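Asker:
Residue numbers (the working numbering): 455 to 585.
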């Protein structure tokens, strides 16, 4: 929000370099619910320049989660070089499909078992939730 893209890029680069030394994937969390579209693009580009492996829509702390529009915007910003992880707000198979169609390469959802059951054609069970 400060507009200091250099500081953001520096912070992400510092984490990415250490992560990569240990063969660990680095995901830069954008927290899209708190940013304008312009800020989302700038943050995504900073993550790309800094060497992150993924940009991720949210931590789950802010109200709202991934939207198809945000995933598409992030995908357009980073191109095919980075992964895009849609996290938060993915409630079922149809939501997951829409995120993938928009450019997500990973889905973060507390209903992963339910999504897998829906994809397999099974009726989701009550125990399919993470809670």
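For every residue, glycine included, the Cβ atom is placed at its ideal position computed from N, Cα and C.
Because the structure is a prediction, the values reported are computed rather than measured.
Going by other Cβ atoms of all chains shown within 10 Å of its Cβ, with 16 needed for buried, is residue 535 buried or exposed?
Answerer: Looking at its Cβ environment, which holds fewer than 16 other Cβ atoms inside 10 Å, residue 535 is exposed.
Asker: In chain order, what residues of the same chain lie with their CB nearer than 6 Å to the CB of residue 585, ignoring the 5 residues before and after it?
Answerer: Note that residue 585 scores a pLDDT of 48, beneath 50, so its modelled location is shaky; the value from the coordinates is reported in the next line. So the list is empty, once near-sequence residues are dropped.
Asker: Which residue or residues does DSSP assign as beta-bridge partners of residue 561?
Answerer: Note: residue 561 sits in a beta bridge opposite 540.
Asker: Mind checking who residue 483 pairs with in its DSSP beta bridge?
Answerer: Per DSSP, 510.
Asker: When we look at the beta-carbon of residue 475 and count the other beta-carbons within 10 Å, is it buried (16 or more) or exposed?
Answerer: The residue in question, residue 475, is exposed, as its Cβ has fewer than 16 Cβ neighbours within 10 Å.
Asker: Between the stretch 474-493 and the stretch 512-520, do three or more beta carbon pairs fall short of 8 Å?
Answerer: Touching, yes, given that three or more Cβ pairs across the two stretches are closer than 8 Å.
Asker: Check each candidate in 556, 545 and 552 and name the one with the smallest Cα separation from residue 564.
Answerer: Of the listed residues, the one whose Cα sits closest to residue 564 is 545.
Asker: Using C-beta distances below 7 Å, list every residue in its chain close to residue 498, excluding the 5 sequence neighbours before and after it, in chain order.
Answerer: These residues qualify, in order along the chain: 484, 509, 528, 531 and 532.
Asker: Locate the alpha helix (DSSP H) running through residue 463, then write down its first and last residues.
Answerer: It spans 459-475 - the alpha helix (DSSP H) in which residue 463 sits, taken as one unbroken run.
Asker: For the alpha helix (DSSP H) that residue 502 lies in, which residues bound it at each end?
Answerer: Where residue 502 is concerned, the enclosing alpha helix (DSSP H) stretches over 491-504.
Asker: Rank 477, 496 and 479 by C-alpha distance to the C-alpha of residue 462 and give the top, closest one.
Answerer: That would be 496, whose Cα lies nearest to the Cα of residue 462.
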